[in-house]
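Convert by adding 2 to the 1-based position in the sequence shown; the result is the number in my numbering.
Built from N, CA and C at the ideal position, the CB exists for glycine as well.
Quantities reported herein were computed from a predicted structural model and do not represent experimental measurements.
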Amino acid sequence: MSQTSHVLIRRDSRVPYFRRSIPEALRSQFGRREFICSLRTTETAEAERRAGALLAKTEELLRYARRASRAAQDGSVELGMIFDRYREMTCCDGNALAYPDAGDELPPLPFAEARNTRSCNQRFRYAFHPSMSARLLGRYQARVLSDDDAWRQTLAPSDLHAARADLVQREQALIDDIALDNVNNAWKSAAELLKLEGVDSTLASMAAMQSFVNRYLRNELDLIRIRIARLNGADIPTPQLPPGALDEDEWAVMQATWEAARVPKPASRYEAALAVKRLRECIHDKSPCDLTLADAMLFRTSLLSYMSRGRAKSSLSLVRSILKTAAAEYRVPLNVSMAFESVKIEVSEKSVHSFQPFSVSQLQAFFDGPVHSRGLRPAKGGRDAAFWVPLLALFEGMRLEEAGSLVCGALSPRSGRYWLRIGRSKTAAGLREIPLHRELERLGFVEYFVAQQAGRTATEPLFLGLRYGSKENQTHMFSTWVNEYIDKHVVDEAAYVFHSFRNSFEDAATAAGVPEDVRRALMGHAQVAMTRRYGKKDGRNRRIFPDQALIEAIDKVCYQGLDLSHVIRMETGL
3 MSQTSHVLIR RDSRVPYFRR SIPEALRSQF GRREFICSLR TTETAEAERR
53 AGALLAKTEE LLRYARRASR AAQDGSVELG MIFDRYREMT CCDGNALAYP
103 DAGDELPPLP FAEARNTRSC NQRFRYAFHP SMSARLLGRY QARVLSDDDA
153 WRQTLAPSDL HAARADLVQR EQALIDDIAL DNVNNAWKSA AELLKLEGVD
203 STLASMAAMQ SFVNRYLRNE LDLIRIRIAR LNGADIPTPQ LPPGALDEDE
253 WAVMQATWEA ARVPKPASRY EAALAVKRLR ECIHDKSPCD LTLADAMLFR
303 TSLLSYMSRG RAKSSLSLVR SILKTAAAEY RVPLNVSMAF ESVKIEVSEK
353 SVHSFQPFSV SQLQAFFDGP VHSRGLRPAK GGRDAAFWVP LLALFEGMRL
403 EEAGSLVCGA LSPRSGRYWL RIGRSKTAAG LREIPLHREL ERLGFVEYFV
453 AQQAGRTATE PLFLGLRYGS KENQTHMFST WVNEYIDKHV VDEAAYVFHS
503 FRNSFEDAAT AAGVPEDVRR ALMGHAQVAM TRRYGKKDGR NRRIFPDQAL
553 IEAIDKVCYQ GLDLSHVIRM ETGL
């Protein structure tokens, strides 16, 4: 076994010793000048493993002693005894090579010590966190390979053989260290890297540091192999330095990058943030650069354990989209994105709930409810919105957010009728103007609209009672209320929700003979097939129908047998 700075081989013995000098300023805390003990084995591999374990423990104890010294807390006997106990455990049982958490043995330091440590180490900009590992090693790799570019330029043809031989020798030494779990040299180099980057590792757990050192060792092997391949003619480019500060939230940056690239709607941003939160909890906040296929499979299993396959598929798809964008922006390795792309969640068509239109009797039950028959205006339902929004969906074919986000300037006269301008929609085709149905005029919607316009600007919301929810839309809370209202007063089935009003409009228009392309224009659906090519177009190349065609179509929509003569438009205070 080769002798290192921490392993001593005496001439008169075949059994190696572990030796680590204690800095003079700390000797009083340990009651000794150095850590020294027999490794109690003649097997080279086992001796290396025991020496590595003892070195890791002594470094931990020395860090603690420095912090205790700053806190004016003396634990001399305890620290020496901790080393002695660990030595006995390690050197008497070759299988007991775990690294105990310092918190299990070391007495706690005063809270103020952390602040004192920080003030005494102004050179440190960051506190070490495992999520930094990928970026730290990425920055290190970029610097090493950049230096390698410059070094290769200095080589003459006659130097190549010796250069290759040197790198191959270093490669074998690293392979041996990994095989024997010898982290002696890697620990020192990793600590120097952290110091260079301004990272304070003194408060990090031993497990976190051990993990980082092991990654550093394997990263060194990868770098040596890249350098050997380059000397053998491989065209391997030097990567750029990973962007951003070491302590930035990588997931937050990736999500912001995805939002800038995809421009998702507020609801999608909300769901994406939720999906990322679920993933981070599942993988214990691992750095996104370190994700593997196993992590993707674990996330899939976790999602399916507490949500439907449809929702789980949506959540996984959002994470895949974020990682795909991050890979395109070189924020994560391509293999991370590919790992998540390969994991799927299949959803049978039989398990997908299709929303059903209401029957006339179900519509009657809804409008016989307390909101329309007794003047109830619940706060959760947005007050007046509880009355008008279902009617707008039923007679105008509006989506929920389209109706809820109407503004005071949305109503205007044209071609002898009132028209509603929808300025916020799920799709580009949803931004449209549609004629007001005669039934809504009869129920007093125009008078209500004019009353709301008094003293307000054209861009202010029509329904002031609606509140923004976590999805950044105006009808998030309303959606919950109205679906509970439907369950209570109409039918308690998953297929019947607010969207059933819109489906009822589609059925009524179809039954009345309204052509499909006109129905699509009224409901804000994109035109399909050849119908997109014909007719007059607007500035966004969308087909424009004559006003009269839309008026005739909206007037055909009716619900035979539905009686709305009893509805109370004004709030009664019940």
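How about residue i and residue j: do their beta carbons lie closer than 7 Å?
i      : j      : result
ILE553 : PRO437 : yes
LEU603 : SER203 : This structure cannot settle anything about residue 603, because the visible part of the chain is limited to 3 through 576.
LEU566 : PHE369 : yes
GLU441 : PHE397 : yes
PHE301 : LEU325 : no
VAL255 : ARG311 : no
ALA580 : LEU28  : There is simply no residue 580 to check, as the chain begins at 3 and stops at 576 in what is shown.
ASN221 : LEU305 : no
LEU564 : LEU402 : no
ARG87  : CYS39  : no
ARG423 : GLU435 : yes
ALA277 : VAL321 : yes
TYR561 : VAL362 : yes
MET309 : GLY399 : no
ILE347 : ALA314 : yes
PHE130 : ALA206 : yes
LEU223 : ALA188 : no
Under the rule that 16 or more other beta-carbon atoms within 10 Å means buried, what is residue i, buried or exposed?
i      : result
VAL9   : buried
GLY105 : Caution is warranted here: a pLDDT of 42 is assigned to GLY105, below 50, making its placement in the model unreliable, and no coordinate value can be reported.
ASP179 : buried
LEU56  : buried
PRO18  : buried
HIS439 : buried
ALA578 : The structure shown does not extend to residue 578, since the chain is modelled only from 3 through 576, so no value can be given for it.
LEU546 : One detail in the question is off: residue 546 reads as Ile in this sequence, not Leu. When all chains shown are included, ILE546 counts as exposed.
ALA395 : buried
GLY235 : exposed
PRO239 : exposed
LEU336 : exposed
ARG12  : exposed
ASP519 : buried
ALA164 : exposed
ILE177 : exposed
GLN124 : Note that GLN124 scores a pLDDT of 45, beneath 50, so its modelled location is shaky; the value from the coordinates is reported in the next line. Answer is exposed; the Cβ neighbour count stays below 16.
SER375 : exposed
PRO112 : The predicted model places PRO112 with a pLDDT of 48, which falls under 50 and marks its position as unreliable, so this point remains unresolved.
LYS59  : buried
GLU449 : exposed
PHE20  : buried
ALA456 : exposed
GLU404 : buried
GLN174 : exposed
SER356 : exposed
PRO548 : exposed
THR92  : buried
Can you give the beta carbon distance from residue i to residue j, rounded, assuming they're within the 8 Å contact cut?
i      : j      : result
LEU182 : GLU45  : At roughly 11 Å, the Cβ-Cβ gap does not stay under 8 Å, so LEU182 and GLU45 are not in contact.
ILE230 : VAL170 : 7 Å
MET134 : VAL185 : The Cβ separation is near 19 Å, so there is no contact.
PRO244 : ARG141 : 6 Å
ALA445 : ARG571 : Looking at the sequence provided, one finds Leu at residue 445 rather than Ala. Confirmed, about 6 Å.
GLN358 : ALA510 : Incorrect: roughly 14 Å between the Cβ atoms, too far for contact.
LYS558 : VAL516 : 6 Å
ALA387 : PHE480 : 6 Å
ARG128 : LEU248 : A quick correction: the sequence has Tyr, not Arg, at residue 128. Indeed, because the Cβ distance is near 5 Å, the residues count as touching under 8 Å.
GLU36  : SER23  : 5 Å
ARG34  : THR43  : Going by Cβ atoms, the distance from ARG34 to THR43 rounds to 23 Å, so no, they are not a contact pair.
PRO268 : ASN475 : 6 Å
GLY406 : LEU468 : 5 Å
ARG172 : LEU233 : Incorrect: roughly 13 Å between the Cβ atoms, too far for contact.
ARG521 : THR512 : 7 Å
TRP260 : SER323 : 7 Å
Please report whether the beta-carbon of residue i lies at a distance below 7 Å from any beta-carbon of chain D.
i      : result
ARG154 : The structure shown contains no chain D, having only a single protein chain.
### Message
Could you tell me which whole beta strand (DSSP E) segments of length 3 or greater appear in the stretch 219-274?
### Response
none
#### Entry: Start-end ranges of the beta strand (DSSP E) lying completely within the stretch 373-455, minimum 3 residues
413-416, 419-424 and 434-437
### Task
Give a yes or no on contact between the stretch 339-351 and the stretch 289-304, applying the rule of three or more CB pairs nearer than 8 Å.
yes
### Task
State whether the stretch 151-168 contacts the stretch 212-219, with contact taken as three or more CB pairs (one from each stretch) at a distance under 8 Å.
no
#### Entry: Inside the stretch 114-198 only - beta strand (DSSP E) runs reaching at least 3 residues
none
### Query
Quick check: the stretch 408-424 against the stretch 453-469, are there 3 or more CB pairs under 8 Å?
yes
### Task
Tell me the start and end of each unbroken beta strand (DSSP E) in the stretch 475-512 that is at least 3 residues and wholly inside, in chain order.
none
### Task
Mind listing, in chain order, the continuous alpha helix (DSSP H) runs of no fewer than 4 residues lying wholly within the stretch 26-69?
29-32
### Message
Going residue by residue through the stretch 272-302, where are the continuous alpha helix (DSSP H) segments of at least 4 residues, counting only ones entirely within it?
### Response
none
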